[in-house]
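**Q** One structure, pasted below without further comment.
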Ligand SMILES: *Cc1c(COP(=O)(O)O)cnc(C)c1O
């Protein structure tokens with residue numbers, strides 16, 4: 008068996024990269040170095056802290072333009088944004104939605120909130136995202152087209168949508184996945200909650216179709232809590248806005264609501280934070296990419312491990328820098344994590360695959376052997392913007 012770097016070699020490499028930063032070093036912490044105080048203070052001074060105010064409109068405009076989308080709707084968090092987007096894309100109770108098993112639990116929870124059933128498929132090693140080849144053969148094995156609907160022959164349920172995830176900020180193989188969605192008549196929703204600022208073929212993630220972002224405290228920019236859907240589709244945008252703002256018809260004073268809807272709108276206070284954070288995104292990206300490059304060099308040539316680079320044709324935001332072992336070894340993961348934590352480096356394993364969680368154990372699924380292997384090969388390294396600053400402008404730590 009190929010040897011894998013010892014835990015002390017891993018700790019030493021991470022320490023070389025993060026240098027003398029104060030311990031403990033967390034996995035990903037927010038950075039407030041712009042207009043945050045001024046914008047939030049102006050909300051408080053003007054009294055516009057809640058469900059109306061100019062920062063909401065401005066954040067939606069700025070976000071849409073930063074990812075090349077025509078529209079954005081900002082909401083209270085990414086989970087709610089996925090939920091609302093699924094409903095607007097036509098997902099109905101009893102439908103199945105295909106998602107990866109190797110993702111954060113919110114991806115699956117939002118499907119269940121829409122009354123639908125998560126159907127898990129496998130991941131591939133260049134992006135950690137959905138494997139298009141495995142997806143295609145899985146659909147050919149279990150699905151059938153009938154009267155314009157794709158049915159799962161094993162469960163009898165319609166398969167309505169495909170939701171790939173850009174894991175750790177690395178864009179997944181979207182061209183191939185979009186082609187499969189098209190062939191099978193599935194709605195496509197990108198879970199890009201981790202991938203704001205990443206690009207693919209030179210275009211920002213979020214510029215095509217319909218895409219969800221998160222601004223939770225651990226993401227690349229934060230609004231405290233928050234999320235958004237971006238879309239090119241005018242009708243979908245209107246529907247989304249209506250459904251997430253209690254379906255209130257526009258009127259200066261009357262309260263007329265035309266359906267049971269949601270109060271998912273982002274408060275102005277949070278949007279103020281979002282505007283200030285988004286202004287700093289280019290700098291955050293530069294810092295995180297420089298940090299990732301430093302990790303890549305620090306681990307270069309080490310036995311049996313490497314830093315997962317931006318997939319071909321993409322420029323990742325490196326939301327979480329990923330150390331990947333060549334083979335699955337749970338004891339190596341446990342031992343290395345313990346050594347890293349002992350050194351004040353608060354690294355994390357990847358999420359427990361969702362099909363192994365008690366509430367999703369009996370869900371429909373494809374073969375998930377790659378996912379199960381990756382779950383025993385991955386350690387996420389400290390990835391905060393601040394850690395990359397010493398590497399900007401060609402300087403080294
Ligand atoms: C963060 C995240 C979400 C959910 O976002 P929240 O804003 O925390 O609700 C969904 N999917 C993935 C993959 C995430 O990382």
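In this note's numbering, the protein residues as written are 8 to 404.
Every residue gets a Cβ at the ideal spot worked out from N, C-alpha and C, and that includes glycine.
Bear in mind that the values here come from a model prediction, so they are computed numbers and not experimental data.
Quick one: complete alpha helix (DSSP H) runs, 4+ long, within the region 276-315?
**A** 288-306
**Q** Would you decide whether residue 372 is buried or exposed? Buried here means 16 or more other CB atoms lie within 10 Å of its CB.
**A** In the chain shown, residue 372 corresponds to position 365, counting from 1. It is buried - the Cβ of residue 372 has at least 16 other Cβ atoms within 10 Å.
**Q** Are there 16 or more other CB atoms within 10 angstroms of the CB of residue 266, so buried, or fewer, so exposed?
**A** For the purposes of this step, residue 266 is taken as residue 259 along the chain shown, with counting starting at 1. So residue 266 ends up on the exposed side.
**Q** Note the first and the last residue of the continuous beta strand (DSSP E) segment covering residue 168.
**A** One-based indexing of the chain shown puts residue 168 at position 161. 166-169 is the span of the beta strand (DSSP E), which, as asked, contains residue 168.
**Q** Under the rule that 16 or more other beta-carbon atoms within 10 Å means buried, what is residue 263, buried or exposed?
**A** Reading the chain shown from its first residue, position 256 is the one you call residue 263. Residue 263 should be labelled exposed.
**Q** Count the CB pairs spanning the region 165-172 and the region 101-113 that are closer than 8 Å, and state whether there are at least three.
**A** yes
**Q** With burial defined as no fewer than 16 other Cβ atoms inside 10 Å of the residue's Cβ, what is the status of residue 67: buried or exposed?
**A** Numbered from 1 along the chain shown, position 60 holds the residue referred to as residue 67. So residue 67 counts as buried.
**Q** Would the C-beta of residue 295 count as close to ligand 1, meaning under 8 Å from any of its heavy atoms?
**A** Here residue 295 refers to the residue found at position 288 when the chain shown is read from its first residue. Answer for residue 295: no, Cβ out of range of ligand 1.
**Q** Under 8 Å by Cβ, that's how I've got residue 126 and residue 370 pegged, so tell me the actual separation to the nearest angstrom.
**A** By 1-based counting over the chain shown, the position of residue 126 is 119. By 1-based counting over the chain shown, the position of residue 370 is 363. Right, their Cβ atoms sit about 7 Å apart.
**Q** Rounded to whole angstroms, what is the Cα-Cα separation between residue 36 and residue 246?
**A** Position 29 of the chain shown holds residue 36. Position 239 of the chain shown holds residue 246. Straight-line measurement puts the Cα of residue 246 at about 34 Å from the Cα of residue 36.
**Q** Counting by C-beta, which residues lie closer than 6 Å to a heavy atom of ligand 1, in chain order?
**A** 84, 85, 86, 110, 111, 113, 114, 172, 198, 200, 201, 221, 223 and 234
**Q** Straight-line CA distance for residue 347 to residue 355?
**A** As a working note, residue 347 is residue 340 in the chain shown. As a working note, residue 355 is residue 348 in the chain shown. When rounded, the distance between both Cα atoms is 9 Å.
**Q** In three-state DSSP terms, what is residue 35?
**A** To locate residue 35, count along the chain shown from 1; it is residue 28. It is coil, neither helix nor strand.
**Q** By a C-beta neighbour count over all protein chains shown, 10 Å radius and 16 as the cutoff for buried, is residue 257 buried or exposed?
**A** Sequence index remark: in the chain shown, residue 257 carries index 250 (1-based). Exposed, by the Cβ-count rule.
**Q** Should the region 300-309 be regarded as contacting the region 81-100, the criterion being three or more beta carbon pairs within less than 8 Å?
**A** no
**Q** Which class does residue 40 belong to by DSSP, given the choice of helix, strand or coil?
**A** The residue you call residue 40 lines up with position 33 of the chain shown. Of the three classes helix, strand and coil, the one that applies to residue 40 here is coil, per DSSP.
**Q** Mind checking whether residue 59 and residue 275 have CB atoms under 9 Å apart?
**A** Sequence index remark: in the chain shown, residue 59 carries index 52 (1-based). Sequence index remark: in the chain shown, residue 275 carries index 268 (1-based). Yes, the Cβ-Cβ distance between residue 59 and residue 275 is below 9 Å.
**Q** May I ask you to report which of helix, strand or coil DSSP gives residue 402?
**A** For the purposes of this step, residue 402 is taken as residue 395 along the chain shown, with counting starting at 1. Here residue 402 scores only 49 on pLDDT, less than 50, and its place in the model is too uncertain to base an answer on.
**Q** Cβ atoms of residue 302 and residue 24: under 9 Å apart, would you say?
**A** In the chain shown, counting from the first residue as 1, residue 24 sits at position 17. In the chain shown, counting from the first residue as 1, residue 302 sits at position 295. Result yes, Cβ atoms of residue 24 and residue 302 sit closer than 9 Å.
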